[in-house]
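Residue numbers (our numbering): -18 to 321.
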């Protein structure tokens, strides 16, 4: 924690004398204003202004994603629910896999409500949305969301109608439909976006620079909601790296605030991107078993569902985490386990 006030910061000072003491473990610096400061040598090395040290720090903040396609299905990242509740090493590995691949299947979870709360007690606070702290995904008679039907769900990210959409989604399979259908479909949106940028640079530019209205209007638990967010389908960070994919056909609004001459080009780019998302080269299918929890990065992955026929036979409990909390937990565990 810094204690120096900015008003007391003197920009013109420079080192007058530097001494290496304590067998190289400490650096003493006499500054031109007379202040004598001591610094642990390892502390200074960690903060050196070079590419290697920057990369190490970047990995502490957030590790680089491991992009994937259909080959991931042969070796899905997995974790055991009982182990996650008891073993910090297993929990750290789970969080690292979630960070690198954006997807982990957690197995051996009790098939009853409330297990997301138990897992969250070990990881991070549940992030409440307008659908509640957790929500039940099943076919309903009067659905306010296509997820609450037995119909096919096109590939999408959840709730881009929120300015700060949920970061990480969990889907706990309490009861799976045991006939044909109900399979989850998953695509690494970062991998697709990366290749889309290479293959179709002009179309990528359109999707990365044209804001789209996403909307969600309805009632949940007696509360009305009216959400609108204005964001590009592909959002970039300040370095031009892909930060988030906002693809959700059923919440994309009919209002489109662009010049009319740009509409056709945007639809062409969107359709090309959609076709890549659904291509077998990128899209994997996994039918959850009773007791599975599918945990995935909602900024990165696009997910869908095959239609199933008998209503009421497929029950999931869903919830969300925020990356800030999850990354904090990963760093705490890393520091703790490295010191043991």
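Glycine residues also receive a C-beta, built at the ideal position from the N, C-alpha and C atoms.
Which one of the options has the shortest CA to CA distance from residue i?
{"i": "residue 234", "options": "29, 18, 210 and 252", "result": "210"}
{"i": "residue 300", "options": "53, 104, -18 and 110", "result": "110"}
{"i": "residue 310", "options": "284, 75 and 281", "result": "75"}
{"i": "residue 183", "options": "261, 243, 162 and 15", "result": "243"}
{"i": "residue 208", "options": "216, 108, 197 and 202", "result": "197"}
{"i": "residue 150", "options": "157, 101 and 174", "result": "101"}
{"i": "residue 95", "options": "116, 77, 79 and 86", "result": "116"}
{"i": "residue 5", "options": "16, -9, 240 and 26", "result": "26"}
{"i": "residue 254", "options": "148, 287, 178 and 153", "result": "178"}
{"i": "residue 53", "options": "265, 278 and 275", "result": "265"}
{"i": "residue 79", "options": "271, 282, 160 and 195", "result": "282"}
{"i": "residue 238", "options": "231, 258 and 213", "result": "213"}
{"i": "residue 160", "options": "268, 60, 252 and 193", "result": "268"}
{"i": "residue 156", "options": "-1, 191, 271 and 252", "result": "271"}
{"i": "residue 312", "options": "70, -15, 16 and 8", "result": "70"}
{"i": "residue 203", "options": "113, 85, 308 and 219", "result": "113"}
{"i": "residue 278", "options": "298, 261, 200 and 305", "result": "305"}
{"i": "residue 249", "options": "187, 87, 175 and 39", "result": "187"}
{"i": "residue 236", "options": "195, 263 and 252", "result": "195"}
{"i": "residue 61", "options": "193, 87 and 99", "result": "87"}
Give the DSSP-derived three-state secondary structure of residue i in the structure shown.
{"i": "residue 219", "result": "coil"}
{"i": "residue 60", "result": "strand"}
{"i": "residue 112", "result": "coil"}
{"i": "residue 311", "result": "helix"}
{"i": "residue -4", "result": "strand"}
{"i": "residue 294", "result": "coil"}
{"i": "residue 257", "result": "helix"}
{"i": "residue 181", "result": "coil"}
{"i": "residue -9", "result": "coil"}
{"i": "residue 74", "result": "helix"}
{"i": "residue -18", "result": "coil"}
{"i": "residue 226", "result": "strand"}
{"i": "residue 38", "result": "helix"}
{"i": "residue 99", "result": "helix"}
{"i": "residue 155", "result": "strand"}
{"i": "residue 241", "result": "helix"}
{"i": "residue 186", "result": "helix"}
{"i": "residue 161", "result": "coil"}
{"i": "residue 246", "result": "helix"}
{"i": "residue 316", "result": "helix"}
{"i": "residue 270", "result": "coil"}
{"i": "residue 92", "result": "coil"}
So who's on the other strand from residue i, going by DSSP bridges?
{"i": "residue 8", "result": "1 and 20"}
{"i": "residue 283", "result": "168"}
{"i": "residue 192", "result": "213"}
{"i": "residue 150", "result": "277 and 301"}
{"i": "residue 199", "result": "206"}
{"i": "residue 119", "result": "Paired residues: none, contrary to the question."}
{"i": "residue 86", "result": "59 and 275"}
{"i": "residue 134", "result": "286"}
{"i": "residue 265", "result": "167"}
{"i": "residue 369", "result": "Lying outside -18 to 321, the shown extent of the chain, residue 369 is not represented and no answer is given."}
Give me, in chain order, the residues of the same chain whose beta-carbon lies closer than 8 Å to that of residue i; leave out the 5 immediate sequence neighbours on both sides.
{"i": "residue 12", "result": "-6, -5, -4, -3 and 18"}
{"i": "residue 42", "result": "308"}
Spatial neighbours of residue i within its chain, please: CB distance less than 7 Å, with the 5 preceding and 5 following residues excluded, ordered by chain position.
{"i": "residue 122", "result": "Residue confidence is low: residue 122 scores 48 on pLDDT, short of 50, so the model does not pin down where it sits. Its coordinate-derived value is still stated next. Nothing listed; no residue qualifies."}
{"i": "residue 81", "result": "44, 46 and 47"}
{"i": "residue 63", "result": "89"}
{"i": "residue 217", "result": "189, 223 and 224"}
{"i": "residue 108", "result": "147, 301, 302 and 303"}
{"i": "residue 285", "result": "134, 135, 136, 137 and 166"}
{"i": "residue -9", "result": "14"}
{"i": "residue 103", "result": "65, 66 and 72"}
{"i": "residue 49", "result": "82, 169 and 172"}
{"i": "residue 162", "result": "287, 288, 289 and 290"}
{"i": "residue 144", "result": "210"}
With a CB to CB cut of under 6 Å and the five nearest residues on each side skipped, what residues in its chain are close to residue i?
{"i": "residue 10", "result": "-4, -1 and 18"}
{"i": "residue 152", "result": "275, 297 and 299"}
Pair every Cβ in the region 215 to 227 with every Cβ in the region 137 to 146, then say whether three or more of these pairs are closer than 8 Å. yes
Indicate whether the contact test is met: 3 or more Cβ pairs, each with one atom in the region 8 to 24 and one in the region 35 to 48, closer than 8 Å. no
Whether or not the region 66 to 80 and the region 169 to 184 are in contact is what I'm after, with contact meaning three or more pairs of Cβ atoms, one per stretch, closer than 8 Å; do they touch? no
If contact is defined by three or more beta carbon pairs under 8 Å, each pair taking one atom from either stretch, is the region 158 to 166 in contact with the region 312 to 321? no
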